[in-house]
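Quick note on numbering: the sequence shown equals residues 5 to 418 in the working numbering.
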Amino acid sequence: MARARPTFVVVGANLSGGAAVSALRQEGFDGRLVLVGEEPDPPYERPPLSKEYLRGEADFAQALLRPPEWYRENEVDLRLGVRAERVDPARRVVELAGGEAVPYDKVLVATGGRNRRLRVPGVDLEGVLDLRTRADADRIREAAARASKAVVVGAGFIGCEVAASLRHLGLDVEVVEVFEAPLQRALGPEVGRVLEAVHRDHGVVFHLGQAVVRFEGRSRVERVVTDRDTVLEGDLVVVGVGIVPNTEVVAEAGVALDNGVVVDELCRTNVEGVFAAGDVAKHYHPLFGRHVRVEHWDNALKQGAAAARSMLGRGAPYDDPHWFWSDQYDVNLQCLGVATEWDQLVVRGSLEERRFLGFYLKDGVVEAVVGINRGRDVRRCMGLVRARRPVDPALLSDEDVDLRELGSRLGGEA
């Protein structure tokens, strides 16, 4: 009697979910494979949404992880425009909107996140938009074609990239940010002020240390008011104040939750047969010795594939140091590592000339590295981040010291 083919279900037809189904087929999984996604499009890369795609410089097809026909050719049961309501480990099914229950042997939760919404009056006015999906980018681009002045709320990576793209499209742009510098939570005030100066050079006006208290307008947004009584006129508002992980699908499944779905170094939850990856996953990182949740493109790809291998029983501890980038105007910013806190920032190069490396140290250990227009040097720091050993700050700041060799001497693999 032939053994029934196992069924793997991936909840989330995004970059991480797409990477997982790709890896499963590449690794030889020949069972039934179901990919469920709430969006109408197959898995795609989100970084272009705030940059090339938003500016009209790239077609959406260029952002697709795989051509649409790949899923059919590889026997992936692709369910687009369908919401997964609940994972039920007791019955081993994923319940879909509409009542269908899809059985699974193993399930990957790759549900990503949704934009955090401001809870202020006027947030539902026409012209107050945010950016997460292709449809969001289309709405912003269409609105920008009719607008003359935009207000961006939030100066994190999405806010800064959208501000740069809107300036490129010819709009006047003002930015409201609760911190004292752009990107302050991620990179600290020193590096944040460098990016602030870049944006100011391109005509962006910042209102720092201020929070939005309301949007005003008759039927469409006309003004943004802050807690310092600053009134900003604008006919387009883009809000970018972070995301909330989409954990609702496992809220009743007994899965451990803590600002995301908690998983171990093999992307396994505490419930047998349930895995998680991507923006929604708070994974134990063997390198840093703590749980982290990472929202970057590179992580979505790599962790989705790592989770797939774990589902097949071939997994290895997922210890990628994490790397990401951001392009704003002619400035390329790259980051390596995870620094949630640090006690020293060591600079190699010049903040004033906007060409430097910044090393984020905690107790002398390099937790993360940021580079402005020095991407090649950031990648040479892989061993420094992996070493997890204290390093002399003078060696980090000395341009004559080879960073790859230094990391190797400390015992870190490149």
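Beta carbons: idealized from backbone N, C-alpha and C, even for Gly.
Since LEU129 and ALA148 are thought to touch, with beta carbons under 8 angstroms apart, how far apart are those beta carbons, to the nearest angstrom?
Incorrect: roughly 17 angstroms between the Cβ atoms, too far for contact.
Identify every residue that forms a DSSP beta bridge with THR234.
In the DSSP output, where bridge partners are listed per residue, THR234 has none listed.
In this structure, does DSSP put GLY126 in helix, strand or coil?
coil
Using alpha carbons as the reference points, say which of PRO249, ASP324, LYS110, LEU349 lies closest to VAL14.
LYS110
Could you give the DSSP three-state label for TYR75: helix, strand or coil?
helix
Quick one: is ASN18 buried, meaning 16 or more other Cβ sit within 10 Å of its Cβ, or exposed?
buried
Report the start-end ranges of each alpha helix (DSSP H) in the region 174 to 208 that is 4 residues or longer and not cut off at the edges.
188 to 205
Straight-line Cα distance separating GLY131 from GLY293:
44 angstroms
For GLU42, which residues in the same chain have their Cβ closer than 6 angstroms to its Cβ, ignoring the five residues on either side in sequence?
ARG87
Counted within 10 angstroms of its Cβ, other Cβ atoms place GLY282 as buried (16 or more) or exposed:
buried
Anticipated Cβ contact below 8 angstroms, ALA343 with TYR322, distance rounded:
Wrong, their Cβ atoms sit about 19 angstroms apart, outside the cutoff.
C-beta contact flag for ASP367 and GLY375 at 8 angstroms:
no
From the DSSP output, in three-state form, read off PHE12 for me.
strand
Please report the distance separating the alpha-carbon of HIS172 from that of ARG59.
7 angstroms
Tell me, please, whether the region 98 to 109 touches the region 176 to 188 by the rule of three or more beta-carbon pairs shorter than 8 angstroms.
no
Pick helix, strand or coil for ARG83, following the three-state DSSP scheme.
strand
In whole angstroms, what separates the C-alpha of ASN274 from that of LEU84?
28 angstroms
Look up GLU99 in the DSSP assignment and give the residues it is bridged to.
ARG90, ALA105
For VAL392 and GLU371, what's the separation of their Cα atoms in angstroms?
It is worth fixing the name first, because residue 392 is Arg in this sequence and not Val. C-alpha separation (whole angstroms): 8 angstroms.
Taking the alpha helix (DSSP H) that GLN30 belongs to, which residues open and close that run?
19 to 30
From PHE279 to CYS271, what distance separates their C-alpha atoms?
6 angstroms
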